[in-house]
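Residue numbers (the working numbering): 1 to 277.
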């Protein structure tokens with residue numbers, strides 16, 4: 001059944017540290033989320049605006065299945081902050097303190113971390129060139145790119161530059177230059193990070209298909225993994241983003257991410273808006 005055949009379509013607006021999402025719950029009524037719909041909703045003047053759009057679907061062997069889209073309409077295999085926001089919503093709905101979620105990335109597990117915080121295990125990082133993926137076989141710890149960034153896969157590709165002061169990098173120019181680098185056939189998220197203390201990082205992010213975002217969960221995980229691999233930090237770090245802080249813990253069972261979430265509002269897309277698509 002297509003979205004346009006509904007009189008209206010309910011949605012939720014959420015954010016994790018300013019990394020904002022439109023969430024469509026498709027468990028009871030199945031909505032046809034097309035690229036045209038995603039792009040229209042993602043427009044911050046004529047739609048709602050978001051960094052990612054997420055769809056909650058039923059899953060035969062899990063609490064829910066999550067599908068993610070970037071604001072340009074492209075699919076994203078993972079979105080850590082959206083996963084945490086949706087996990088909090090599902091926990092509140094079900095009174096569960098642990099959840100099993102499935103995504104294109106694979107099986108993810110979420111837990112209530114107490115004090116309003118939510119943790120998600122984003123799975124093991126992908127460190128091999130063909131898993132990230134890169135265009136050719138090479139050492140992923142230091143790429144043959146100016147600045148010797150580190151490549152990491154977290155269900156989506158990442159390119160992390162360690163710099164003296166992340167705040168001084170002109171990310172609006174720097175980000176797109178490397179998002180489309182030929183070493184990344186599927187494009188990449190780009191991070192600039194600097195060490196500000198023991199196991200304490202400052203990080204800013206350019207997301208593929210989106211642009212500059214106030215925070216990014218998968219980028220935070222990738223940056224923490226890259227810093228640990230390069231011996232800059234331990235495996236448990238605090239990452240300061242434009243929108244707040246995330247705790248990242250690279251454990252044997254995967255990369256855990258803990259932070260705050262916010263369910264901002266509920267609304268509906270009108271029949272007039274849907275018909276305009």
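Note that beta-carbon positions come from the ideal geometry of N, C-alpha and C, so glycine has one too.
Taking the continuous alpha helix (DSSP H) assigned at residue i, which residues delimit it?
{"i": "residue 223", "result": "217-229"}
{"i": "residue 176", "result": "171-179"}
{"i": "residue 39", "result": "35-42"}
Take residue i and list the residues in its own chain whose beta-carbon comes closer than 8 Å to its own, dropping the five residues that flank it on each side.
{"i": "residue 291", "result": "Missing from the structure shown is residue 291; the chain here goes from 1 to 277 and no further."}
{"i": "residue 279", "result": "The structure shown has nothing for residue 279, since the chain only spans 1 to 277."}
{"i": "residue 75", "result": "67, 68, 69, 104"}
For residue i, is the classification buried or exposed, using 16 other Cβ atoms within 10 angstroms of its Cβ as the cut-off for buried?
{"i": "residue 29", "result": "exposed"}
{"i": "residue 203", "result": "buried"}
{"i": "residue 2", "result": "Any answer about residue 2 is weak, because its pLDDT of 44 lies below 50 and its placement is not dependable; what the coordinates show is given next. Exposed: under 16 other Cβ atoms inside 10 Å."}
{"i": "residue 71", "result": "buried"}
{"i": "residue 167", "result": "exposed"}
{"i": "residue 186", "result": "exposed"}
{"i": "residue 130", "result": "exposed"}
{"i": "residue 115", "result": "exposed"}
{"i": "residue 266", "result": "exposed"}
{"i": "residue 93", "result": "exposed"}
{"i": "residue 180", "result": "exposed"}
Going by DSSP in three states, residue i sits in which element: helix, strand or coil?
{"i": "residue 106", "result": "strand"}
{"i": "residue 86", "result": "helix"}
{"i": "residue 2", "result": "With a pLDDT of only 44 at residue 2, under 50, the local geometry of the prediction cannot be trusted, and no value is derived from it."}
{"i": "residue 81", "result": "helix"}
{"i": "residue 93", "result": "helix"}
{"i": "residue 246", "result": "strand"}
{"i": "residue 275", "result": "helix"}
{"i": "residue 166", "result": "helix"}
{"i": "residue 235", "result": "coil"}
{"i": "residue 270", "result": "coil"}
{"i": "residue 112", "result": "strand"}
{"i": "residue 138", "result": "coil"}
{"i": "residue 240", "result": "strand"}
{"i": "residue 185", "result": "coil"}
{"i": "residue 99", "result": "strand"}
Please list, in chain order, all residues of the same chain as residue i whose beta carbon is under 7 Å from its beta carbon, the five residues on each side excluded.
{"i": "residue 225", "result": "125, 152, 250, 255"}
{"i": "residue 73", "result": "35, 38, 39"}
{"i": "residue 182", "result": "135"}
{"i": "residue 117", "result": "258, 259, 260"}
Beta-carbon within less than 6 Å of residue i's beta-carbon, same chain only, minus the 5 sequence neighbours each way: which residues are those?
{"i": "residue 25", "result": "56"}
{"i": "residue 97", "result": "112"}
{"i": "residue 59", "result": "65, 102"}
{"i": "residue 10", "result": "268"}
{"i": "residue 139", "result": "none"}
{"i": "residue 233", "result": "199, 227"}
With respect to the beta strand (DSSP E) encompassing residue i, which residues constitute its N-terminal and C-terminal limits?
{"i": "residue 52", "result": "52-57"}
{"i": "residue 152", "result": "150-153"}
{"i": "residue 194", "result": "189-197"}
{"i": "residue 118", "result": "117-121"}
{"i": "residue 20", "result": "19-25"}
{"i": "residue 259", "result": "254-259"}
{"i": "residue 206", "result": "200-207"}
{"i": "residue 66", "result": "64-70"}
{"i": "residue 10", "result": "9-16"}
{"i": "residue 212", "result": "211-213"}
Are there any heavy atoms of the ligand PLP lying less than 7 Å away from the beta-carbon of residue i, as far as the coordinates show?
{"i": "residue 210", "result": "Here there are no bound small molecules, and the ligand PLP is not part of this structure."}
So does the segment 84-102 actually touch the segment 261-272, counting three or more Cβ pairs closer than 8 Å? Result yes; three or more Cβ-Cβ pairs closer than 8 Å.
Review point. Pairing CB atoms from the segment 202-220 with CB atoms from the segment 91-104, are three or more of them under 8 Å?
Key: By the criterion of at least three beta-carbon pairs nearer than 8 Å, the segment 202-220 is not in contact with the segment 91-104.
* To do: Say whether the segment 137-145 touches the segment 164-175, bearing in mind that this needs 3 or more beta-carbon pairs closer than 8 Å, one atom from each stretch.
  => A contact is defined here as three or more CB-CB pairs under 8 Å, and the segment 137-145 fails this definition with respect to the segment 164-175.
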